[in-house]
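**Q** Residue numbers (the working numbering): 360 to 658.
Below is one structure. I have some questions about it.
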Ligand SMILES: CC(C)(COP(=O)(O)OP(=O)(O)OC[C@H]1O[C@@H](n2cnc3c(N)ncnc32)[C@H](O)[C@@H]1OP(=O)(O)O)[C@@H](O)C(=O)NCCC(=O)NCCS
């Protein structure tokens with residue numbers, strides 16, 4: 360079974376001291392240091408879970424012992440397996456043809472991986488803008504979507520429904536950008552999504568959305584859309600592999616499997632010594648920034 364779709368609910372994970380210190384020992388030192396620098400616990404937790412998801416995937420699905428996995432980032436930040444490149448059944452053959460990607464936002468971290476296709480994943484929680492009204496928020500975001508996409512977003516119904524449609528489009532756009540590994544600097548007006556009239560429902564994957572790039576339909580791209588909980592949109596972009604001859608037939612649509620913390624670390628083995636100060640610093644962090652309007656005064 361080649362498709363991997365895993366999710367972890369970071370929003371309800373309150374790591375114990377031993378969980379946090381063990382997790383920190385099981386990731387590469389530079390990632391541990393990067394995560395240690397986050398101001399808020401929410402960001403540190405989702406980045407930590409992201410690393411554990413990646414390593415679990417490489418270990419369990421690619422068959423590489425945890426301690427031998429070396430992940431690096433492309434110049435634009437996309438993680439890839441730097442070593443070892445030839446493993447298990449792929450020994451002596453082509454380098455492993457897996458593609459994988461990670462997203463963390465709202466209450467979840469998600470990983471999607473596929474063999475022989477380019478993969479990008481994005482998750483977006485529908486939430487009210489922190490400091491502006493919905494129309495003002497949309498005005499600031501004007502350039503992210505085409506006129507057609509805005510017409511779909513703004514005719515979605517109530518403000519909440521419009522925001523949900525906005526984040527659905529956002530996840531789609533990001534999933535494509537992430538599949539091709541670009542990140543910032545892509546003209547988002549070049550890509551336009553056309554959704555089907557059928558709504559997304561929890562527990563089902565929909566693959567009806569079409570993408571137009573520079574006004575031409577990209578028939579080789581598939582977008583798997585699903586909901587995690589009631590308010591998180593997830594999009595998985597699946598595109599033709601950059602190596603000719605590697606693209607298989609489209610994979611069966613796969614729902615996300617929710618993992619527990621013990622699932623995340625079942626194959627893990629420590630790479631570094633325990634660092635008690637890492638917990639002390641984590642424990643001091645506030646969970647998340649206070650959003651404007653959340654502050655309540657007691658008199
Ligand atoms: C990384 C990027 C592609 C997405 O970041 P994001 O949506 O804030 O964050 P996500 O949680 O979805 O993804 C972050 C993860 O993607 C991966 N990633 C980083 N750079 C990447 C890239 N260039 N391509 C693909 N994946 C990347 C990493 O695993 C990262 O997590 P980590 O740093 O903890 O390992 C970023 O460059 C970006 O924000 N682009 C914005 C483009 C834009 O304007 N979008 C508006 C859409 S309408």
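Heads up, the beta-carbon is just placed ideally off N, CA and C, and yes, glycines get one too.
Name, in chain order, the residues that DSSP records as bridge partners for residue 613.
**A** Here residue 613 refers to the residue found at position 254 when the chain shown is read from its first residue. Paired residue(s): none; residue 613 is not in a bridge.
**Q** Going by CA-CA distance only, name the one from 588, 404, 486 that's closest to residue 560.
**A** On the chain shown, residue 560 is found 201 positions in, with the first residue counted as 1. With distances taken between Cα atoms, residue 560 lies closest to 588.
**Q** Taking the straight line between their C-alpha atoms, what separation do you get for residue 468 and residue 615?
**A** Along the chain shown, read from residue 1 onward, the residue named residue 468 stands at position 109. Along the chain shown, read from residue 1 onward, the residue named residue 615 stands at position 256. Those two C-alpha atoms are separated by around 11 Å.
**Q** Quick one: residues in its chain with C-beta nearer than 8 Å to the C-beta of residue 658, no 5 flanking neighbours on either side, listed in chain order?
**A** By 1-based counting over the chain shown, the position of residue 658 is 299. Unreliable positioning characterises residue 658 in this predicted model, as indicated by a pLDDT of 30, which lies under 50. The coordinate reading is nonetheless provided below. None.
**Q** On the CB-based measure, 16 or more other CB atoms within 10 Å of its CB, does residue 548 come out buried or exposed?
**A** Your numbering for residue 548 matches position 189 in the chain shown. Under this definition residue 548 is an exposed residue.
**Q** Hey, residue 399 and residue 596 are a contact pair by Cβ (cut 8 Å); roughly how many whole angstroms apart?
**A** Translated into positions along the chain shown, residue 399 becomes position 40. Translated into positions along the chain shown, residue 596 becomes position 237. Their Cβ separation, rounded to whole angstroms, is 28 Å, which puts residue 399 and residue 596 out of contact at 8 Å.
**Q** State buried or exposed for residue 632, treating a residue as buried only when at least 16 other CB atoms are found within 10 Å of its CB.
**A** Here residue 632 is taken as the residue at index 273 of the chain shown, counted from 1. Exposed, because fewer than 16 other Cβ atoms sit within 10 Å of the Cβ of residue 632.
**Q** Considering Cα atoms alone, identify which of 540, 627, 620 is closest to residue 478.
**A** Working through the chain shown from its first residue, we reach residue 478 at position 119. Of the candidates 540, 627, 620, the one whose C-alpha sits nearest the C-alpha of residue 478 is 540.
**Q** Could you tell me which uninterrupted beta strand (DSSP E) segments, each at least 3 residues in length, are contained entirely in the region 381–467, listed from first to last along the chain?
**A** Here the runs fully enclosed are 429–432, 438–442, 457–464.
**Q** Is residue 470 near ligand 1, with its Cβ less than 6 Å from a heavy atom?
**A** For the purposes of this step, residue 470 is identified with residue 111 of the chain shown, where counting begins at 1. Result no, Cβ not under 6 Å from ligand 1.
**Q** Three or more C-beta pairs under 8 Å: does that hold for the region 514–531 against the region 483–491?
**A** Yes: at least three Cβ pairs fall under 8 Å.
**Q** Report the rounded CA-to-CA distance for residue 580 versus residue 637, giving the unit in angstroms.
**A** Your numbering for residue 580 matches position 221 in the chain shown. Your numbering for residue 637 matches position 278 in the chain shown. Those two C-alpha atoms are separated by around 43 Å.
**Q** Please determine whether the Cβ atom of residue 406 lies at a distance below 6 Å from any heavy atom of ligand 1.
**A** The residue given as residue 406 occupies position 47 in the chain shown. At least one heavy atom of ligand 1 is nearer than 6 Å to the Cβ of residue 406, so yes.
**Q** Would you check if the distance between the CB atom of residue 613 and the CB atom of residue 551 is smaller than 7 Å?
**A** In the chain shown, counting from the first residue as 1, residue 613 sits at position 254. In the chain shown, counting from the first residue as 1, residue 551 sits at position 192. No. Outside cutoff.
**Q** Label residue 458 either buried or exposed according to how many other C-beta atoms from any shown protein chain fall within 10 Å of its C-beta, with 16 as the threshold for buried.
**A** In the chain shown, the residue the question calls residue 458 occupies position 99. Residue 458 comes out buried.
**Q** Can you tell which of 392, 624, 380, 510 has its C-alpha closest to the C-alpha of residue 642?
**A** Here residue 642 refers to the residue found at position 283 when the chain shown is read from its first residue. Considering only alpha carbons, the answer is 380.
**Q** Between which two residues does the beta strand (DSSP E) containing residue 481 stretch?
**A** What you label residue 481 is simply residue 122 of the chain shown in a count that begins at 1. Unbroken beta strand (DSSP E) run through residue 481: 476–484.
**Q** Tell whether a beta-carbon distance below 7 Å holds between residue 623 and residue 415.
**A** Position 264 of the chain shown, counted from the start, is the residue given in the question as residue 623. Position 56 of the chain shown, counted from the start, is the residue given in the question as residue 415. Yes. Within cutoff.
**Q** Pick from 627, 591, 599, 543: whose alpha carbon is nearest that of residue 434?
**A** Translated into positions along the chain shown, residue 434 becomes position 75. Answer by Cα proximity: 543.
**Q** Alpha carbon to alpha carbon, how far is residue 634 from residue 610? Give it in angstroms, no decimals.
**A** To locate residue 610, count along the chain shown from 1; it is residue 251. To locate residue 634, count along the chain shown from 1; it is residue 275. About 42 Å.
**Q** Of all the options 650, 647, 619, 649, which has the alpha carbon lying nearest to the alpha carbon of residue 378?
**A** Start at 1 with the first residue of the chain shown, and residue 378 comes out as number 19. For residue 378, the nearest C-alpha among the options comes from 619.
**Q** How many angstroms separate the CA atom of residue 401 from the CA atom of residue 562?
**A** As a first step, residue 401 must be located in the chain shown, where it is residue number 42. As a first step, residue 562 must be located in the chain shown, where it is residue number 203. Cα to Cα, residue 401 sits roughly 26 Å from residue 562.
**Q** With distance defined between alpha-carbon atoms, name the residue in 376, 567, 466, 362 nearest to residue 406.
**A** Residue 406 sits at position 47 when you count from the first residue of the chain shown. Selected option, being the one with the closest Cα: 466.
**Q** How many Å lie between residue 362 and residue 608 at the Cα?
**A** Position 3 of the chain shown, counting from 1, holds the residue named residue 362. Position 249 of the chain shown, counting from 1, holds the residue named residue 608. Cα to Cα, the separation comes out at about 12 Å.
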